[in-house]
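Colleague: Have a look at this one before I ask anything.
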Ligand code: GLY
Ligand code: MN
Ligand code: MN
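Numbering (this note's numbering), first residue to last: 5 to 373.
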């Protein structure tokens, strides 16, 4: 996509003569390949892309996705798709495209070391340039197409979040609930979950990045459900916390505090504000409560082609918020041995503030056993 290629080069100074992106084998695929080459489906293992400062793009596609690749080229006159039928043919083509280039940008953050060694051997006189920061800067603010897909991914997450209370049954395992959530996301149009669905019942909710496992739902359990959908490669990421059965006054209070912390962060969120100020606004609410120190992670992160899309927001981030960023706002309080509460929403930063992508209710919900 010409505009995206130019956006990346716009962040490079001095500009290399070409940018070379390479996918290895899943999970070592470079999201930036799909940022420049907008093809909605396919793995593209072993495929490469060469982009130029004038906005043109050559893609060397694996034959396994040739149909999708050719289809994408039909609607993009700045894109040329090649489908080499052997490794030798692919390498010869890369030589043809890059032998004349002195400086070549690489995505140091995503390229495998093995692939780098191969390129070093193929192009011994190339001057390699680390393009990873420029790529990250380009990707962190979204264009209209990206925002449309993020909204759809968020709509799917919100729809499933609304359905969770109706799925709960005493004795069901975390895995059973996660399975149902994943199924519903795909039923609503997702190509799959955007990461391993987190369902933590009772004390398991106190571990922020827990994976669903075998604990059975009991009356009196709080629960953290953190999940997201991929829609045409773009991710959503939403967390809702519920309570099942017998009342728990402490968890209710904790939930109210987390809601307050999220509101405090949203109240300062606008372009120009350093990321750390948004984090600190939420942390201040929690640190002024008896739960000081129990908010143990950054407030959020950028979302896009990956669920953690390269830009985090915590107490150290000086970089200002920019219009067009898509980020999560996800404060939480974690009580080891008891349970956790996290409320996570996806938002887009607008000229004056933000708008929600995720819309499911955020209030404390007690579901009867
Ligand atoms: N889904 C993991 C997180 O919220 O960062
Ligand atoms: Mn999440
Ligand atoms: Mn998140």
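Even for Gly, the Cβ is constructed at its ideal location relative to N, Cα and C.
Note that the structure is a prediction, hence the values are computed from the model and not measured.
(1) Below 8 Å, how does it come out for the stretch 138 to 150 and the stretch 338 to 350: are there three or more Cβ pairs, yes or no?
(2) Might you give, ordered along the chain, the residues of its own chain that have their beta carbon closer than 7 Å to the beta carbon of residue 356, omitting 5 neighbours on each side?
(3) Between which two residues does the beta strand (DSSP E) harbouring residue 107 extend?
(4) Quick check: residue 73 and residue 54, are their CB atoms within less than 8 Å of each other?
(5) Apart from the five residues just before and just after residue 130, which ones in its own chain have a Cβ nearer than 6 Å to its Cβ?
(6) Any heavy atom of ligand 3 closer than 7 Å to the Cβ of residue 348?
(7) Any heavy atom of ligand 2 inside 7 Å of the beta-carbon of residue 362?
(8) Give the DSSP-derived three-state secondary structure of residue 185 in the structure shown.
(9) With distance defined between alpha-carbon atoms, name the residue in 210, 252, 362 and 299 nearest to residue 231.
(10) Please go through the same chain and pick out, in chain order, the residues whose beta-carbon is closer than 8 Å to the beta-carbon of residue 297, but skip the five residues on each side of it.
(11) Going along the chain, which residues put their C-beta within less than 7 Å of some heavy atom in ligand 1?
(12) What residue does the alpha helix (DSSP H) around residue 35 start on, and which one ends it?
(13) Are residue 135 and residue 110 touching if we call contact CB-CB under 8 Å?
(14) On the criterion of 16 or more Cβ atoms from any shown chain inside 10 Å, does residue 146 qualify as buried, or is it exposed?
(15) Go ahead and pull the three-state DSSP assignment for residue 26.
(16) Please list the terminal residues of the continuous alpha helix (DSSP H) segment that includes residue 269.
(17) Return yes when the Cβ of residue 253 is within less than 8 Å of the Cβ of residue 311, no when it is not.
(18) Quick one, are the C-beta atoms of residue 364 and residue 244 less than 8 Å apart?
(19) Going by CA-CA distance only, name the one from 167, 190, 22 and 169 that's closest to residue 133.
(20) When you compare each of 272, 309, 360 and 299 to residue 346 by their alpha carbons, which one comes out closest?
(21) Write down the C-beta distance between residue 157 and residue 233 rounded to the nearest angstrom, noting that I regard them as a contact closer than 8 Å.
(22) With a Cβ-Cβ cutoff of 8 Å, do residue 52 and residue 98 count as a contact?
(23) In this structure, how does DSSP classify residue 294 when only helix, strand and coil are distinguished?
(24) Closer than 6 Å by C-beta to residue 280: which residues in its own chain qualify, once you throw out the five before and the five after it? Chain order, please.
(25) I think residue 63 touches residue 32, with their Cβ atoms under 8 Å apart; what is that distance to the nearest whole Å?
(26) Could you give the distance in angstroms between the alpha-carbon of residue 383 and the alpha-carbon of residue 173?
(27) According to DSSP, which residues form a beta bridge with residue 346?
(28) What separation, rounded to the nearest whole angstrom, lies between the Cα atoms of residue 25 and residue 259?
(29) In three-state DSSP terms, what is residue 199?
(30) Rounded to a whole number of angstroms, what is the C-alpha to C-alpha distance between residue 184 and residue 150?
Modeller: Reading it off the structure:
(1) no
(2) 274
(3) 107 to 110
(4) no
(5) 108
(6) yes
(7) no
(8) helix
(9) 362
(10) 291
(11) 199, 202, 213, 230, 232, 241, 243, 305, 311, 312, 332, 334 and 348
(12) 35 to 40
(13) yes
(14) buried
(15) strand
(16) 253 to 272
(17) no
(18) yes
(19) 22
(20) 299
(21) 5 Å
(22) yes
(23) coil
(24) 319 and 321
(25) With 8 Å as the limit, residue 63 and residue 32 do not qualify as a contact, their Cβ atoms being about 18 Å apart.
(26) Here the chain comprises residues numbered 5 to 373, so residue 383 is not present and cannot be evaluated.
(27) 336
(28) 44 Å
(29) coil
(30) 27 Å
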